[in-house]
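Protein chains in written order, with the numbering used here: chain A, 115 to 911; chain B, 410 to 572; chain C, 29 to 308.
Even glycine gets a Cβ: it sits at the ideal position worked out from N, Cα and C.
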Amino acid sequence: MNDITLNQNSKLGSIDRPNSYIGRSLTRDGAIRHLEGGGKFVDDLILPRMVNSAFLRSPYAHAEIKSINISDAQKYPGVIDIFLSEHIDAVCKPWIGVLSHLGEMRSPEQSPLAKKIARWQGEAIAIVIANTRAQAEDAIEAIEVDWVEKEPQINMETALDKDTVVIHKELGNNLFWTRTVEQGDVKKAFKDSSTIVETTLDFARHTGVTLETRGIVADWDKSEKKMSIYHNGQAPHMMQHIIAKHFNISEGLVRVISKDVGGSFGIKVHVYGDEMATIAASKILGRPVKFVADRLESFTTDIHARCHKISGKLGVDKNGKFLSMEINDLSGIGPYSMYPRTSAIETNQVLNLSGSPYIIPNYKAVGTVVFQNKTPMCQYRAVGHPIAVAITEALVDKAAKKIGMKADDIRKINFIQDDQYPNKTPSGVPLEDLSHQATMNKLLKIMNVPDLEKQKKLDLEKGILTGIGIISMCEVTNPSPLFYGVGGAHISAQDGASIRLEGSGAVHVSSSITEQGQGTEAIMKQIAADQLGVSMDTIRLTLGDTDSTPYGGGTWASRGAGIGGEAVLKAARTLKNNILKIASAIMQTDIDTIDIVNNSVIRENGEEGISLKKLAETVYFRGHELPQGTNPELIATSSFYIEGIPFVFTNSAMGCHVVVDQDTGLVKINKFWVVEDCGTQINPKLVEEQIRGGVIQGIGGALYEECVYDDQGNMQNATMADYLVPMACEMPDIIVDHVITNSGRSILGAKGAGEAGTGGAPAVIMNAINDALSSINKEVTSQPITPEKILKAIGKI
Amino acid sequence: MLGSKKITINFIINDEKFNDITVPVRQHLGDFLRSIGLTGTHIGCEQGACGACTVELDGKAVRSCLILSSQINGSVIKTVEGLDDTLMKKVKEIFLKHNALQCGFCSSGMLITTKEILNKKKKLNREQIRTEISGNYCRCTGYQSIVDAIEEAIEDNIQGYLK
Amino acid sequence: MKSPDFCYYEALSIEDAIKFKSNDLEAVILAGGQSLIPALNMRLSSPSCLIDISKIKELKNITKDNNFIYIGSAVTHSEVMQNKFIIDHLPVLIDVLNMVAHPAIRNKGTHGGSIAYGDPAAELPAFVVAANAEIILMGLNGIRTIQASDFYHGLFETDIQDDEILTCIKYPILKNNQEILFDEIYRRHGDYAMAGVVANIEILNNKIDNLKLVFFATGTKPEVALKTSELIIKDGYDYSNVKNMIKNELDFESDLNSNAEMKLHLATILTNKVLKLMET
């Protein structure tokens, strides 16, 4: 156990207490059931009279639906009904994925099923409801569609050309959104720069590939006029609002339950047409309807992400100080902006976050987002960060090489110094409580760069190309209302926690944050037990049910610990105070002389005054024994949101060591290091594991993952054999270390840690590979960095 | 001489006898197991590529999505729900200790694969362990904690190997 | 996706299976199912019936005589890898099979199934061709034997007739001066290779006396590089010479894993790698 993590935040109390749990790597006892086969995932659920569904989907990227004949299909064995867009639209209002605070954003209305035109391969056209999924699929083959193929627009670089295919005629062109961020005067600053470096990078579309695919059971109860939704999503309250709004049901009569989720990473926080169609089917039929995407559907309909082409320019003075940075980013999304978070956020983060660890007085960033006849694109773990960090750190490395400075030295002299906060990103976003210097210094120490450099020279003599890469980055976490709410989205920035002491002495906590495997349950319990003074085994937790948890935002943008955790802390402290008030009345002693330790109220001398069990029994069953006027509230609810700044940032430094095989183009990652500063760590092991999982996911994007399309807009590698996700054999062990700079925005001081690994890995791997290739004066600029791209760069093919 | 679309068979799952069960021949074993309430086995791809559906069939780890329910007549099957022998109880403790799972969706397949690794009674290094689990996709952990757990489980059982 | 409907028939004997297959041309053979069932699950195939041969005893043996090793077509990859005859007389086959998918697939997938399927990116079809094995088939007219090098005609197209079942593969036992070497280049362990080679080499007086290079994952079927092999015997290995010779002799085809040019380059590299292996 790391001493640093234990002594991290004095506001939380002494670490010598028996119930000091914050900062300890306790095992997740709540996870045992997964090892016993006891997980409760959406597809495990069976309800009375539940039926299954499958979708007829467009085989074309862009095609007109002249007619659909479902009469034969209706007669297939087991078929309950078949719905087309007109049936679904009768019960579900369309939506538009725009927010008002990001400037002009144009996206047409989207309905659950395609109306007259299919605009991406995989778009749902019809829903078949049958007793079994297999029967539904049988019937789909009998649906006759008269398709008229149209030319698809699948090249983002020509999407705004004069004579290209315009996907939505009413919009006039394929522009979804554009934004320019400008600080200072980049033109002048480039003129003043003694050295200018430039590069253009491109990033391929890829997707989340959650092991558990998207799924939903919609249960419209005609008798209660209540809609219950069992959903493997991340934000149940957001879904509650959206379902109420679009299905014209009062929000209080919509219940969303999100229990076990087999991985989400942002994929399951968006509104999908097929899921809305499933809900509509349930409303029409008055019985539960289940939809679980299969893997083929998952590849072609889960949101994609990260399709960008970005050019960047960095101007440096003769001492290596950054004067000016300019980026121009192009991104191609789907034919619709996703709802409700919009498909602009990824580009917006690229504009906001490029250059963020450094002082760069002059900054200009232009982002252009265009529609494509491909799967819709939206937020996926570390939204925009991989691109922002990659372009920044590639330019920094280039500048260093050009002026003959070491990679770490150039960063060190340009960092916002650790004692220079509050400060701002080059784009103007407020920053506070960061530690680029401390994290970089620690990284260099644990990497032992001099040894790596020595080995690199020896390897080169044998014709082996090795490379060392380092990066620094900031990560967006704990967003405030200024992220979504400000733009009109019903996405709560405030989360709540409720904690109660029950008659048995057990403690129950409910929180509006949700769990997808990161350990939400464990850390909430640790915070509650720690701050209340009870043992871990007394705590029970409820998450993911809009009927029985406080209202809140759910888990996304690494906000669970920092925002949800703070609400739990506050509620626990309030309950503790309530208990002590009652105890002081029962014990006839001053409240300042008693405390709660190990499930009992104890006196200053350590003697037990009354156990919590006994106190609870008195309050609940023998209230007449309490002194008059005692306020016996054994329940407390608190909430928390971030005020005054748009996000709480974390920072990390990462390094990696790679070998590039000149004959095969294969890249082996020998070692990977991360030094993370996410403020107070509630469970250090869980933080480390988030980093590790995130890094591996980032390696996927850097080296392996890409949605490959043919020239007709058909995805060609929509299988687990052809779309390459990282598997165990090729992945490195990752060394994780920490610096702790608490967030001043909360008592807990915790920031988020879920996404840094994914945000930084692509950049540091690219830098390392280019460091290796620089020995032979070559470079790569396109991700995923496949063997083919390396061999092409080297000139072997 | 026509084949049949439904077939009546006998088999044993987790020491429980199933007699005269009629199954649709096209249903794969993973779906069949889940249809009788053994939902611990998960479906991830129906292609055999992700490993989530791995179960033990007649003593060997197999992809339940690539076995037809019609093929299990007379077979003995173990799923994650039936891994309650001394060895696997210890393995689960070790998995928990290393946080070798996050969302838990890959865990049933991982455990069956781990059981087969341990039954080989070989001491494996980390690289070899990674090769053994190279067919089990995990998106959450990045594999390191799983390798840590299996490494400790092998170490833990090493005395058994030497007997 | 869920499989389309089909009938299932468990064959009681080879003859029984042949009879059923001959009577129903839309029926397919089910051995391990590790290639067939994924295709069914993706609705890429709609056979009328699956004839299960996986439990027929006569297909599940590995035997040996003085000159050959016989592997029954329904023997699983795992069983092949643990078999004493293979360990003692054809250990390279174990190295090859270690590259086939993953343990759980190998526990079910069969030797004959993989060879009969003929996936161009698979290892076993190239192995049987390189090993100069014979494929033994049985049909209504009895037993038929065909050289592996004559067995593959095109993409998933083999010499198996409508009434035939692949029953056994017959491998010549290697001579004392003979070795089969194998290597492949892949993105992830167990994946289909980007390119692979199986080389059958005979040495005489420290020089290559006989060489048969067979490439896989490069086209629609195993590609035998006879002229390239002759060139190497004559002139030894030179990257440019070998690359040009392969280019002139064979037509590589791009796939999702790598394009034709890359496969050509990798095939050239692989040739050098196996020759270096031989030197050690």
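Min CB distance residue i to chain A below 8 angstroms
i	result
B/Q480	no
B/K506	yes
C/N287	yes
C/K136	no
C/I65	no
CB contact below 8 angstroms: residue i versus chain C
i	result
A/T872	no
B/T417	no
B/I563	no
A/K432	no
A/K910	yes
A/R328	no
B/I559	no
Candidates the options, of which the one nearest residue i by Cα
i	options	result
A/I136	A/D203, A/K488, A/I796, A/V822	A/I796
A/W670	A/Q348, A/N123, A/R147	A/Q348
A/G434	A/V370, A/K520, A/E296	A/K520
A/T591	A/I899, A/D275, A/G793	A/G793
B/Q480	C/G100, C/D80, C/K92	C/D80
A/T321	A/G481, A/D851, A/K154, A/Q493	A/Q493
C/A55	C/D147, C/Y267, C/E38	C/E38
A/A168	A/K207, A/L149, A/D252	A/D252
A/I693	A/Y734, A/G666, A/P760	A/Y734
A/S342	A/A730, A/E635, A/K336, A/V368	A/V368
A/G602	A/G633, A/H355, A/S662, A/A394	A/H355
C/A67	A/L410, A/D374, A/T656, A/I447	A/L410
C/L87	C/D93, C/C77, C/L78, C/Y98	C/Y98
Residue i Cβ short of 7 angstroms to the ligand MG heavy atom set
i	result
A/L740	This structure does not include the ligand MG; it has no bound ligands of any sort.
Residue-chain proximity (residue i, chain B), Cβ-Cβ < 8 angstroms
i	result
C/E192	no
A/I848	yes
C/M127	no
A/I381	no
C/M29	yes
C/N69	yes
A/N116	In this prediction, A/N116 scores a pLDDT of 48, lower than 50, which makes its location untrustworthy; the coordinate-derived value is nonetheless stated afterwards. Output row for A/N116: interface = no.
Start and end residues, alpha helix (DSSP H) containing residue i
i	result
A/T499	What sits at residue 499 of chain A in the sequence shown is His, not Thr. Segment 499–517, the alpha helix (DSSP H) holding A/H499.
A/G808	798–813
A/K427	Here A/K427 belongs to no alpha helix (DSSP H); instead the beta strand (DSSP E) covers 422–430.
A/Q297	Where A/Q297 is concerned, there is no enclosing alpha helix (DSSP H), although the beta strand (DSSP E) it sits in stretches over 289–297.
A/R859	Per DSSP, A/R859 belongs to no alpha helix (DSSP H) and is neither H nor E.
C/I294	The sequence as given places Leu at residue 294 of chain C; Ile does not occur at that position. From DSSP, the alpha helix (DSSP H) with C/L294 extends over 288–307.
C/G264	Here C/G264 belongs to no alpha helix (DSSP H), and DSSP marks it neither H nor E.
B/G439	438–444
First and last residue of the uninterrupted beta strand (DSSP E) at residue i
i	result
A/V715	714–716
Worksheet item: Can at least three beta-carbon pairs, one atom from the region 537–547 of chain B and one from the region 514–522 of chain B, be found at a separation below 8 angstroms?
Response: Of all C-beta pairs linking the region 537–547 of chain B to the region 514–522 of chain B, three or more are shorter than 8 angstroms, placing the two stretches in contact.
Worksheet item: Using 8 angstroms as the Cβ pair cut-off and three pairs as the minimum, do the region 211–220 of chain C and the region 111–122 of chain C touch?
Response: Segments in contact, no.
Discussion item. Counting only Cβ-Cβ distances shorter than 8 angstroms, please list the residues of the region 778–807 of chain A near chain B, keeping chain order.
Written reply: Those would be K799, L800, E803, R806, G807, in chain order.
Worksheet item: Name the residues in the region 757–775 of chain A whose C-beta lies less than 9 angstroms from a C-beta of chain C; which are they?
Response: Residues: none.
Worksheet item: Which residues, in chain order, does the region 145–160 of chain C contribute to contact with chain B at a C-beta distance below 9 angstroms?
Response: From the region 145–160 of chain C, no residue has a Cβ closer than 9 angstroms to chain B.
Worksheet entry | Residues of the region 497–529 of chain B whose Cβ lies closer than 8 angstroms to any Cβ of chain A, in chain order | Correct list: K501, F504, L505, K506, N508, L510, Q511, C512, G513, F514, C515, S516, S517, L520.
Worksheet item: How about the region 240–250 of chain C and the region 153–170 of chain C: do they share at least three Cβ pairs that are nearer than 8 angstroms?
Response: Cβ pair count under 8 angstroms is three or more, so yes.
Fill in: Cβ pair count under 8 angstroms reaching 3, the region 574–588 of chain A against the region 731–746 of chain A
No, they do not touch.
Worksheet item: Should the region 560–572 of chain A be called in touch with the region 823–830 of chain A, which here means at least 3 C-beta pairs below 8 angstroms?
Response: Contact between the region 560–572 of chain A and the region 823–830 of chain A is absent, because fewer than three Cβ pairs lie under 8 angstroms.
Practice prompt. Please list the residues of the region 201–218 of chain C that have a C-beta atom closer than 8 angstroms to any C-beta atom in chain A, keeping them in chain order.
Written response: Taking 8 angstroms as the Cβ-Cβ cut-off against chain A, the residues of the region 201–218 of chain C that qualify are I213, R215, R216, H217, G218.
Practice prompt. Quick one: which residues of the region 454–468 of chain B get their C-beta closer than 7 angstroms to a C-beta of chain A? List them in chain order.
Written response: Across the region 454–468 of chain B, CB contacts with chain A closer than 7 angstroms involve C454, E455, Q456, A458, C459, A461, in sequence order along the chain.
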